[in-house]
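Quick note: the sequence shown uses my numbering, first residue 1, plus one each step. The beta carbon of each residue, even a glycine, is placed where N, CA and C say it ideally should be. Structure record follows, encoded as structure tokens.
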Amino acid sequence: MENSIYDPEYVKGLFDRMSDSYERMNYLTSFGFSIRWRTQFLKSFKKPEDKVSIIDLLTGMGETWQATKNRFPNSDLIALDFSSEMLKYAMHKNRTKFNNQITLVQQDILRNDLPSNHFDFVTCAFGLKTFNDEQLNFLAKETNRILKVGGQFSFIEISKPTNRLLKALYGFYLGQVIPVLGKLLLGDPEEYRMLWKYTDKFENAKRAQGIFENTGLKTEFISYFYGCASGFYGSKGS
Ligand SMILES: C[S@@+](CC[C@H](N)C(=O)[O-])C[C@H]1O[C@@H](n2cnc3c(N)ncnc32)[C@H](O)[C@@H]1O
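Below, the structure is given as structure tokens:
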């Protein structure tokens with residue numbers, strides 16, 4: 001059933017199985033752009049004067065932490081994910097590179113018990129595609145709930161570029177080449193074929209942006225490198 005690919009248990013299993021190779025593959029699937037995009041998607045946040053409380057949703061193994069700490073050295077960073085295997089790598093990174101200063105939370109964001117009106121910033125990189133519209137709607141409401149009034153958020157996701165030639169090339173690369181690389185690195189290309197399936201259905205962040213707007217958040221759409229990634233950012237009004 002189509003909707004079963006959005007079943008949280010299925011998604012969790014997928015990332016548990018991909019955890020050994022995810023970081024390398026993430027770099028490859030974005031042609032190495034993911035590092036730059038992680039820095040870029042944080043630029044929408046206004047530089048705070050005081051210490052800020054940040055939550056990185058769908059944190060994976062903490063791929064965005066370095067960019068976040070570079071931009072906001074004076075911050076409390078909380079990182080949430082539900083995959084125990086991704087979090088094992090995140091814990092290792094926390095210990096070896098961040099002096100255990102990051103608070104890890106293992107929870108499903110769709111069934112979380114995070115406090116309301118609490119965070120100054122919500123960040124989320126490359127996690128939107130495995131949510132269907134109903135789940136995106138819930139995610140939007142939760143973002144609204146956990147942010148302080150005036151708090152800001154930024155989401156980014158791999159997307160299908162608008163340019164036809166680039167779209168065909170990128171589709172071939174993600175749909176055909178990456179699964180082969182996945183097989184070489186992993187022995188099983190299916191997980192990486194699934195990532196393309198999600199991207200194919202996701203298209204770009206426009207629909208998710210609309211869903212966020214409908215919950216009362218003010219948002220701006222942003223495209224990265226000819227639409228190979230896209231996202232939106234904004235703030236919670238009073
Ligand atoms: C594509 S990875 C992105 C990881 C990281 N943010 C990055 O920038 O590369 C998506 C992550 O979202 C997590 N995830 C997906 N659905 C989730 C949910 N409902 N609750 C918590 N984590 C979830 C997965 O376990 C996975 O680690």
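C-alpha gap between residue i and residue j, whole angstroms
i, j, result
"residue 121", "residue 22", "25 Å"
"residue 130", "residue 10", "10 Å"
"residue 46", "residue 91", "29 Å"
"residue 80", "residue 199", "22 Å"
"residue 185", "residue 137", "35 Å"
"residue 150", "residue 235", "6 Å"
"residue 201", "residue 69", "32 Å"
"residue 6", "residue 204", "17 Å"
"residue 176", "residue 17", "20 Å"
"residue 208", "residue 189", "28 Å"
"residue 105", "residue 76", "13 Å"
"residue 71", "residue 219", "21 Å"
"residue 163", "residue 28", "21 Å"
Presumed contact (8 Å Cβ cut-off) between residue i and residue j, rounded CB distance
i, j, result
"residue 126", "residue 85", "About 17 Å separates the two Cβ atoms, so there is no contact after all."
"residue 102", "residue 65", "6 Å"
"residue 54", "residue 119", "7 Å"
"residue 221", "residue 232", "5 Å"
"residue 108", "residue 179", "Rounded, the Cβ-Cβ distance is 27 Å, inconsistent with contact."
"residue 191", "residue 58", "Not a contact, Cβ separation roughly 17 Å."
"residue 112", "residue 217", "About 18 Å separates the two Cβ atoms, so there is no contact after all."
"residue 123", "residue 174", "Not confirmed; about 24 Å, so no contact."
"residue 26", "residue 63", "7 Å"
"residue 115", "residue 78", "Going by Cβ atoms, the distance from residue 115 to residue 78 rounds to 10 Å, so no, they are not a contact pair."
"residue 148", "residue 117", "5 Å"
Those residues which DSSP pairs with residue i across a bridge
i, result
"residue 120", "Partner(s): none; residue 120 has no beta bridge."
"residue 56", "79, 123"
"residue 104", "79"
"residue 147", "119"
Cut-off 7 Å between Cβ atoms - residues of its own chain near residue i, not counting five sequence neighbours on either side
i, result
"residue 161", "167, 170, 226, 227, 228"
"residue 142", "109, 112"
Residues near residue i by beta carbon distance below 8 Å, same chain, minus five either side
i, result
"residue 19", "61, 83, 85, 86, 88, 89"
"residue 33", "224, 225, 228, 229"
"residue 194", "5, 14"
Beta-carbon proximity list for residue i, same chain, < 6 Å, skipping 5 on both sides
i, result
"residue 74", "51"
"residue 44", "154, 233"
"residue 39", "67"
- Task: Please specify which runs of the alpha helix (DSSP H), each continuous and at least 4 residues long, are wholly inside the region 152-234, giving them in chain order.
- Result: Those alpha helix (DSSP H) runs which fall completely within the region 152-234 and span 4+ residues are 164-172, 178-186, 190-202, 206-214.
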